[in-house]
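Student: The number in my numbering is simply the position in the sequence shown, starting from 1, with 992 added.
Before anything else, here's the structure in question.
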Amino acid sequence: MMYGERSNGKEHGVVLTKPEVVEKMLDLAGFKADRDLRAVRVIEPSAGEGAFALPLIRRLYQSSQRYSFDFIKALQNLKFYDIDRTSLDILKGRVLQEFEGISEEQAEEFIMCGDFLTAQTEPCDLVIGNPPYIRHENIPNDKKEQYKKHFTTFIHRSDIYIPFYEKGLKLLRENGRLCYICANRWLKNQYGKRLRTLIAKLFSLEYIIDLENVDAFEESVIAYPAITTIQNTTRQSPIPYYQLDDLESLLNFSIGTPPSRTLSNNPDNWFARDYHLNGSTVKLSAISEQGFKIGIGVATGRDKVFIGKDMKGHIEETLLLPILLSKDIRGQRVNWSGNYLLNPYTTDGNLIDLGEFPKAKAYLFKHYEQLVKRHVAKKNPKNWYRTIDKVHAELTHAPKIILPDITGNPLIHIDQGNYYPHHNLYYITGKEIPDLELLAAILMSDFVRDQLLELGNKMNGGYPRWQSQNLKKLRIPYLDALPNSLKKKIRKAYRDQDTEQINEYVNLTNFFGYTRTEGQLALFEPRNRNYLQG
993 MMYGERSNGK
1003 EHGVVLTKPE
1013 VVEKMLDLAG
1023 FKADRDLRAV
1033 RVIEPSAGEG
1043 AFALPLIRRL
1053 YQSSQRYSFD
1063 FIKALQNLKF
1073 YDIDRTSLDI
1083 LKGRVLQEFE
1093 GISEEQAEEF
1103 IMCGDFLTAQ
1113 TEPCDLVIGN
1123 PPYIRHENIP
1133 NDKKEQYKKH
1143 FTTFIHRSDI
1153 YIPFYEKGLK
1163 LLRENGRLCY
1173 ICANRWLKNQ
1183 YGKRLRTLIA
1193 KLFSLEYIID
1203 LENVDAFEES
1213 VIAYPAITTI
1223 QNTTRQSPIP
1233 YYQLDDLESL
1243 LNFSIGTPPS
1253 RTLSNNPDNW
1263 FARDYHLNGS
1273 TVKLSAISEQ
1283 GFKIGIGVAT
1293 GRDKVFIGKD
1303 MKGHIEETLL
1313 LPILLSKDIR
1323 GQRVNWSGNY
1333 LLNPYTTDGN
1343 LIDLGEFPKA
1353 KAYLFKHYEQ
1363 LVKRHVAKKN
1373 PKNWYRTIDK
1383 VHAELTHAPK
1393 IILPDITGNP
1403 LIHIDQGNYY
1413 PHHNLYYITG
1423 KEIPDLELLA
1433 AILMSDFVRD
1443 QLLELGNKMN
1453 GGYPRWQSQN
1463 LKKLRIPYLD
1473 ALPNSLKKKI
1483 RKAYRDQDTE
1493 QINEYVNLTN
1503 FFGYTRTEGQ
1513 LALFEPRNRN
1523 YLQG
């Protein structure tokens, strides 16, 4: 198996789409038996045992009966690809059993064993299917290198379906259509940006049907799928976005249905939303535009060496920084677990001279074999004892908001200036405690949570993730422009950990439902720009 086995014995990426979902996708793509399909060229890039292939062949056969064309000849317009010969043998057996007029030799002309991503394929009118969902770490390294050479969208830690989109789109004839059901992660995250850019420039995304709450597959999987239909035309318009709650809603769905909302064509963030109050567009600001700094904690490359509870007394005190781990940020307060970070850097950012720190030198040489095997050490063997990220010790003493990447905790905590954050923690610093309390309260609100759920991908359980790329996209009011009376209420609600009160105060009506004189507006405008754009 190219991509290895899952715990259930199946290959990574093999998840079968329910028959009723397949039939609906074929309808949406326009491949209907009541149309003359004799000249329609179709590619299914991950055919498996025939979830899409068999309904496609049935519809072609029904169309041939209606329009009196040569079914066997028209079959050559269909191509079904897969890398798994066993699955394709099952598909071929099913085809031969259901369609007696098709010979084994004829079946082998449209059932293709091979990697769709590297196969020589002709242009087509429709690419449809369920591309494999294989995480980046499960793709063999040689395949990663090969795909990166051929696909400009396959960047960062892209999952395998990204090049399936690019290859499928590039095969489309003019006005051809691609219709996939797969994970919706690329719609929002960083590694999907190049694909979004490609679509925005050269294609038209006809609609997105988000199926996060729909059981669309034959087995229970932790996935957030969406159906996307993209046409090879440069007609640009707002993207209709549908969010469906159950399978019945999908089966009853039609293109004329009013969308849940429309998305922008800005590939940086399709889900960017304008906020309106009393007929005016509210001007909000990024966190970083208000003097805050967003960062992520230190990655060491070998936590078991650089982080521990028993370093005091065994390492020079000046090199030890109390470090916060994600497990320390649980419940109603920060509960430091007693771990320290061995900081191998001086205050000016250079590596320490081990000769000046005999205890640290003995300790690090004890773990020499582990440290030199790291990629960061191989790049510069002389600096074998460095951490992946530089450590800036002064961050320890800065007050900062601490945000675990993945957490179900509705509370957000502030470190008063006692700890250094670990790599699994994001932080926001740059201002004093009162402003951090105000920002932390806003980050705890439904106003921000709703943005996060649209900007990024949910973790299992439906919680949003605190990730740097999403924090930078959040939009909040200009804090300096808020009335002092409102600030005091928000800070008190934060200190009381009262999320209900926070949500009562943190909303557009409170932010912008008050009036200022023309002179007061002028005072704020140079520093904050126009916070309410009429």
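All C-beta atoms in this analysis are idealised placements derived from N, C-alpha and C, irrespective of residue type, glycine included.
Keep in mind that this is a model prediction, so the values were computed, not measured.
With 16 as the cutoff for other CB atoms within 10 Å, does K1375 come out buried or exposed?
Tutor: The question names Lys, but residue 1375 is Asn in the sequence shown. It counts as exposed.
Student: Would you call the CB atoms of T1254 and I1231 closer than 9 Å?
Tutor: Result yes, Cβ atoms of T1254 and I1231 sit closer than 9 Å.
Student: Would you check if there are 3 or more beta carbon pairs closer than 8 Å linking the segment 1115-1122 to the segment 1078-1093?
Tutor: Counting Cβ pairs under 8 Å, fewer than three are found: no touch.
Student: List the endpoints of the continuous beta strand (DSSP E) containing I1287.
Tutor: According to the sequence provided, residue 1287 is Gly. The question's Ile does not apply to it. Its beta strand (DSSP E) spans residues K1285 to I1288.
Student: Since K1481 contacts A1278 with CB under 8 Å, what's their CB separation in whole angstroms?
Tutor: Actually they are not in contact, since the Cβ atoms of K1481 and A1278 sit about 24 Å apart, beyond 8 Å.
Student: Between the C-alpha atoms of I1222 and E1166, what's the straight-line distance to the nearest angstrom?
Tutor: Approximately 12 Å, taken between the alpha carbons.
Student: With DSSP collapsed to three states, give me the class of I1494.
Tutor: I1494 falls in the helix class under three-state DSSP.
Student: Excluding five sequence neighbours on each side, which residues of the same chain lie with their C-beta closer than 6 Å to the C-beta of F1516?
Tutor: With a pLDDT of only 42 at F1516, under the threshold of 50, the placement of this residue in the model should not be trusted; the figure read from the coordinates follows. Contacts found: A1473.
Student: Assign Q1068 to buried or exposed, taking buried as 16 or more other Cβ atoms, counted over all protein chains shown, within 10 Å of its Cβ.
Tutor: By the 10 Å Cβ count, Q1068 comes out exposed.
Student: Between which two residues does the beta strand (DSSP E) holding T1220 run?
Tutor: Unbroken beta strand (DSSP E) run through T1220: P1217 to Q1223.
Student: Going straight from the alpha carbon of I1299 to that of T1310, what length do you get?
Tutor: Going by the C-alpha atoms only, they are around 15 Å apart.
Student: Can you list, in chain order, the residues of its chain with a C-beta nearer than 7 Å to that of I1307? Leave out the 5 residues immediately preceding and following it.
Tutor: Contacts found: L1334, K1351, A1352 and Y1355.
Student: Would you check if the segment 1175-1186 and the segment 1138-1150 touch, i.e. whether three or more CB-CB distances between them fall below 8 Å?
Tutor: The answer is yes - the segment 1175-1186 touches the segment 1138-1150, with three or more Cβ pairs under 8 Å.
Student: Look up K1392 in the DSSP assignment and say whether it is helix, strand or coil.
Tutor: Note: K1392 maps to strand in three-state DSSP.
Student: Hey, which unbroken runs of the beta strand (DSSP E) at 3 residues or more fall wholly within the segment 1298-1329?
Tutor: If we require 3 residues or more, the beta strand (DSSP E) runs fully inside the segment 1298-1329 come out as 1312-1316.
Student: Would you call the CB atoms of G1422 and G1283 closer than 9 Å?
Tutor: A contact, by the Cβ cut-off of 9 Å.
Student: Look at I1393 and L1428 and say whether their C-beta atoms are less than 9 Å apart.
Tutor: Yes, these two residues count as a Cβ contact at 9 Å.
Student: Report the residue from S1060, F1063, L1088 and A1111 whose alpha carbon sits nearest the alpha carbon of D1074.
Tutor: When each option's Cα is compared against that of D1074, the closest is A1111.
Student: Give me, in chain order, the residues of the same chain whose beta-carbon lies closer than 7 Å to that of I1404; leave out the 5 immediate sequence neighbours on both sides.
Tutor: Correct list, in chain order: I1393, L1395, A1432, L1435 and M1436.
Student: How is N1000 classed by DSSP in three states: helix, strand or coil?
Tutor: Legend: pLDDT at N1000 = 40, less than 50; position of this residue unreliable, no value from coordinates given.
Student: Which residues does DSSP list as the beta-bridge partners of H1405?
Tutor: DSSP lists I1394 as partners of H1405.
Student: What number of angstroms, rounded off, separates the C-alpha of E1361 from the C-alpha of F1349?
Tutor: Answer to the nearest angstrom: the Cα atoms are 20 Å apart.
Student: Report the CB separation of F1263 from L1447 in whole angstroms; it is logged as a contact under 8 Å.
Tutor: About 6 Å; that satisfies the 8 Å criterion.
Student: Use the C-beta contact count for S1229: other C-beta atoms within 10 angstroms, 16 or more gives buried, fewer gives exposed.
Tutor: The residue in question, S1229, is exposed, as its Cβ has fewer than 16 Cβ neighbours within 10 Å.
Student: Would you tell me roughly how many angstroms separate the C-alpha atoms of K1136 and C1174, rounded to the nearest one?
Tutor: Using only the alpha carbons, I get a separation of about 20 Å.
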